[in-house]
């Protein structure tokens with residue numbers, strides 16, 4: 222079965238339609254309207270999951286690419302949407318996370334944050350989906366901005382002092398990164414005369430080396446700061462712990478990974494040679510990101526702050542996958558990339574589950590403070606929540622048989638195969654430190670006795686809707702560990718398609734009618 | 018020549034934007050961001066090669082031979098239009114956030130009231146704790162720190 226390429230527009234259009242209509246439906250602000258919005262969001266996210274699975278089937282299982290030329294405009298002139306295996310995998314994971322987050326929000330949102338939470342979530346989904354499908358640099362920028370706009374508002378929903386302060390930093394640093402991105406787009410268009418990625422891949426080959434280095438460096442800065450890479454990650458721990466736990470969970474699962482996706486896409490398609498030349502740089506950034514994240518996690522003392530620092534250290538592992546993509550022989554290239562992609566899959570699921578569980582604990586006990594015994598005794602009070610948190614933390618730390626073990630093993634093997642001893646050692650060290658940090662979370666946060674109470678009585682987590690989505694994610698994570706063959710095969714297909722640049726260019730088939738402007742004088 | 022003018026303009030705008038961004042005052046930071054986005058818009062505009070001078074409209078279709086070297090490239094203007102809308106929206110949101118921040122400074126003084134050991138037992142304070150755990154957590158901690166060392170657990 223092969224589906225029509227027009228389906229590619231659906232992951233963008235479905236959330237947009239439902240978000241707009243749920244804004245229209247909710248004319249007044251009350252609980253009943255909130256329920257209408259939530260139901261619309263639930264329908265939209267399930268529909269989106271269906272479409273994503275269709276795309277997954279026809280790109281990953283059948284190993285092909287799908288291209289939509291909007292309005293039948295020839296490639297470099299119109300808007301092109303491209304779905305290959307990596308896009309489809311990312312779309313599917315996003316869709317799964319969206320369904321679970323809507324369920325989780327039923328159990329945890331109160332009226333203060335519930336106002337227009339769901340339409341904003343759908344706008345976020347639209348931006349993320351669009352970024353995964355975009356076939357040209359400018360649309361990538363636009364969809365980045367769509368998802369950032371939605372995330373700005375989601376982050377400050379509720380308007381508390383901490384949120385406003387964190388939100389300021391988040392907005393300013395992300396706007397700066399976007400501006401760098403736009404500058405790069407301007408430079409690229411001014412010199413190479415095109416923005417279409419496939420067309421750029423053709424023209425970038427004959428472009429002077431200086432230009433390639435400038436463009437690649439600026440894109441690395443732009444995407445790197447969105448992904449939270451080493452010197453540019455400060456906005457993340459400053460803001461991620463401030464909003465409602467549902468918002469933190471979806472941010473932690475999705476946003477930095479869009480930056481990572483863009484890095485994977487751009488570097489494999491436009492700069493395969495730089496991938497080799499810049500290997501020390503990429504691996505160095507990866508190592509420093511891992512270390513900075515894990516050491517930061519040791520220095521902070523609330524559940525969600527610890528977990529947001531771990532996002533950074535995990536992003537380092539993904540960049541490690543990208544860095545290992547450039548080793549000599551053809552086989553190892555695919556293996557490093559595939560390990561990186563598998564790591565992204567594992568991370569999106571597990572991180573969201575952990576942030577959801579940690580957020581539920583914070584909401585229930587009224588504080589996320591790990592010191593002074595505010596949180597102890599969760600194991601006895603809410604054993605199911607504690608058990609799920611334990612399993613997710615287990616997976617994040619990379620113990621068998623979870624998905625974390627398989628993905629870290631894959632990366633380690635890729636590093637050893639290409640004889641990158643330093644990065645292998647760092648990844649092992651960070652893995653051990655992550656385990657230590659998870660043990661600390663468990664001991665201070667869940668086990669032990671409660672000495673002090675922030676709330677007079679702990680609020681009961683509303684079990685069905687708070688726990689069920691976390692359970693779904695943990696089960697998926699365990700499944701990815703136990704039936705890892707299938708998922709590794711998927712990521713190998715995705716990596717294979719990333720390496721096959723000629724296939725991508727051929728699928729989009731840009732016509733090369735007009736000479737680049739910059740070349741004429 | 019025009020290219021040089023554009024380059025100097027972009028450089029001046031970016032330079033002043035960077036200077037403003039490095040200030041502590043958040044209002045200046047917002048103005049700096051606005052300037053920065055304008056600088057980039059100008060940079061994108063400069064790629065449309067306006068020295069060619071002709072609007073990209075074919076008046077006499079029969080005489081047109083496919084030579085487009087006299088036409089200005091219209092695409093960068095479309096790109097800028099999108100970019101202007103986006104940056105305008107974000108700067109507007111940033112200003113709203115700034116306004117919220119300023120109005121919250123009044124609230125900050127309310128936290129002092131909760132911080133008062135005598136006011137803590139009142140019902141309003143407890144409700145506030147329940148509604149606003151993250152923010153009040155700092156307050157609770159601060160109160161703990163103020164106690165003499167022996168009393169801390």
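Residue numbers (the working numbering), protein chains in the order written: chain A, 222 to 742; chain B, 18 to 170.
All C-beta atoms in this analysis are idealised placements derived from N, C-alpha and C, irrespective of residue type, glycine included.
All figures in this text were calculated on a predicted structure; none of them were measured in a lab.
Sub-9 Å separation of residue i and residue j beta-carbons
{"i": "residue 599 of chain A", "j": "residue 656 of chain A", "result": "no"}
{"i": "residue 406 of chain A", "j": "residue 61 of chain B", "result": "yes"}
{"i": "residue 316 of chain A", "j": "residue 269 of chain A", "result": "yes"}
{"i": "residue 338 of chain A", "j": "residue 546 of chain A", "result": "no"}
{"i": "residue 289 of chain A", "j": "residue 280 of chain A", "result": "no"}
{"i": "residue 728 of chain A", "j": "residue 286 of chain A", "result": "yes"}
{"i": "residue 354 of chain A", "j": "residue 275 of chain A", "result": "no"}
{"i": "residue 471 of chain A", "j": "residue 336 of chain A", "result": "no"}
{"i": "residue 555 of chain A", "j": "residue 672 of chain A", "result": "no"}
{"i": "residue 368 of chain A", "j": "residue 436 of chain A", "result": "no"}
{"i": "residue 542 of chain A", "j": "residue 560 of chain A", "result": "yes"}
{"i": "residue 428 of chain A", "j": "residue 725 of chain A", "result": "no"}
{"i": "residue 581 of chain A", "j": "residue 329 of chain A", "result": "yes"}
{"i": "residue 616 of chain A", "j": "residue 705 of chain A", "result": "no"}
{"i": "residue 121 of chain B", "j": "residue 382 of chain A", "result": "yes"}
{"i": "residue 345 of chain A", "j": "residue 464 of chain A", "result": "no"}
{"i": "residue 530 of chain A", "j": "residue 514 of chain A", "result": "yes"}
{"i": "residue 310 of chain A", "j": "residue 701 of chain A", "result": "no"}
{"i": "residue 205 of chain A", "j": "residue 412 of chain A", "result": "Residue 205 of chain A is absent from the model: chain A starts at 222 and stops at 742."}
Assigned secondary structure, residue i (DSSP; H/G/I helix, E/B strand, else coil)
{"i": "residue 384 of chain A", "result": "helix"}
{"i": "residue 531 of chain A", "result": "helix"}
{"i": "residue 139 of chain B", "result": "The predicted model places residue 139 of chain B with a pLDDT of 33, which falls under 50 and marks its position as unreliable; any figure quoted below should be read in that light. Three-state DSSP puts residue 139 of chain B in coil, outside helix and strand."}
{"i": "residue 132 of chain B", "result": "Since pLDDT at residue 132 of chain B reaches only 39, below the 50 mark, its modelled position is unreliable, and no value is offered."}
{"i": "residue 295 of chain A", "result": "coil"}
{"i": "residue 110 of chain B", "result": "helix"}
{"i": "residue 542 of chain A", "result": "helix"}
{"i": "residue 150 of chain B", "result": "Here the model assigns residue 150 of chain B a pLDDT of 46, short of 50, so the residue's position is not dependable, and the following value carries that caveat. Residue state, collapsed to three classes: helix."}
{"i": "residue 345 of chain A", "result": "helix"}
{"i": "residue 410 of chain A", "result": "helix"}
{"i": "residue 461 of chain A", "result": "coil"}
{"i": "residue 377 of chain A", "result": "coil"}
{"i": "residue 337 of chain A", "result": "coil"}
{"i": "residue 253 of chain A", "result": "helix"}
{"i": "residue 492 of chain A", "result": "coil"}
{"i": "residue 325 of chain A", "result": "helix"}
{"i": "residue 499 of chain A", "result": "coil"}
{"i": "residue 732 of chain A", "result": "coil"}
{"i": "residue 168 of chain B", "result": "For residue 168 of chain B, the predicted model reports a pLDDT of 48, less than 50, meaning its position is unreliable and no value from the coordinates is stated."}
{"i": "residue 675 of chain A", "result": "coil"}
{"i": "residue 311 of chain A", "result": "helix"}
{"i": "residue 238 of chain A", "result": "helix"}
{"i": "residue 144 of chain B", "result": "With a pLDDT of 41 at residue 144 of chain B, under the threshold of 50, the modelled position of that residue is not reliable, and no figure is offered here."}
{"i": "residue 718 of chain A", "result": "helix"}
{"i": "residue 127 of chain B", "result": "For residue 127 of chain B, the pLDDT reaches just 45, beneath the cut-off of 50, and the residue's location in the model is therefore unreliable, although a value from the coordinates is still provided. Correct three-state label for residue 127 of chain B: helix."}
{"i": "residue 330 of chain A", "result": "coil"}
Continuous alpha helix (DSSP H) stretch holding residue i: start and end
{"i": "residue 76 of chain B", "result": "First-last for residue 76 of chain B: undefined, no H or E at that position."}
{"i": "residue 303 of chain A", "result": "That residue, residue 303 of chain A, is in no alpha helix (DSSP H); its beta strand (DSSP E) goes 301 to 304."}
{"i": "residue 288 of chain A", "result": "It is not in any alpha helix (DSSP H) - residue 288 of chain A instead sits in the beta strand (DSSP E) that spans 287 to 290."}
{"i": "residue 43 of chain B", "result": "43 to 63"}
{"i": "residue 634 of chain A", "result": "624 to 638"}
{"i": "residue 647 of chain A", "result": "642 to 662"}
{"i": "residue 438 of chain A", "result": "430 to 448"}
{"i": "residue 722 of chain A", "result": "722 to 729"}
{"i": "residue 608 of chain A", "result": "604 to 618"}
{"i": "residue 597 of chain A", "result": "No alpha helix (DSSP H) holds residue 597 of chain A; DSSP gives it neither H nor E."}
{"i": "residue 279 of chain A", "result": "Segment: none, residue 279 of chain A is in no alpha helix (DSSP H) and carries neither H nor E."}
{"i": "residue 32 of chain B", "result": "19 to 38"}
Per DSSP, cross-strand counterpart(s) of residue i
{"i": "residue 706 of chain A", "result": "In DSSP, residue 706 of chain A forms no bridge with anything."}
{"i": "residue 590 of chain A", "result": "A:523"}
{"i": "residue 357 of chain A", "result": "A:417"}
{"i": "residue 88 of chain B", "result": "B:71"}
| message | Can you pull out the residues from the stretch 373 to 395 of chain A whose beta carbon lies closer than 8 Å to at least one beta carbon of chain B? | response | Going along the stretch 373 to 395 of chain A in chain order, one finds 373, 374, 377, 380, 381, 382, 383, 385, 386, 388, 389, 392, 393 with a Cβ nearer than 8 Å to chain B.
| query | Relative to chain A, which residues along the stretch 96 to 109 of chain B have a C-beta separation below 7 Å, given in chain order? | reply | Answer set for the stretch 96 to 109 of chain B: 96, 99, 100, 103, 106, 107.
| field | Cβ-based contacts, 7 Å cut-off: residues of the stretch 407 to 428 of chain A near chain B | value | Those residues of the stretch 407 to 428 of chain A that come within reach of chain B (Cβ to Cβ, closer than 7 Å) are 407, 410, 411.
| said: So if I threshold CB-CB distances at 7 Å, which residues from the stretch 354 to 366 of chain A count as touching chain B? | reply: For the stretch 354 to 366 of chain A, the residues whose beta carbon sits under 7 Å from a beta carbon of chain B are, in order, 359, 363, 366.
| Listed in chain order, which residues of the stretch 640 to 655 of chain A have Cβ atoms closer than 9 Å to some Cβ of chain B? | Result list empty, no residue passes.
| field | Members of the stretch 25 to 53 of chain B near chain A, C-beta cut-off 8 Å | value | Per Cβ criterion, the list reads 38, 43, 46, 50, 53.
| query | Using a Cβ cut-off of 9 Å, which residues of the stretch 678 to 712 of chain A contact any Cβ in chain B, in chain order? | reply | Within the stretch 678 to 712 of chain A, the qualifying residues are 680.
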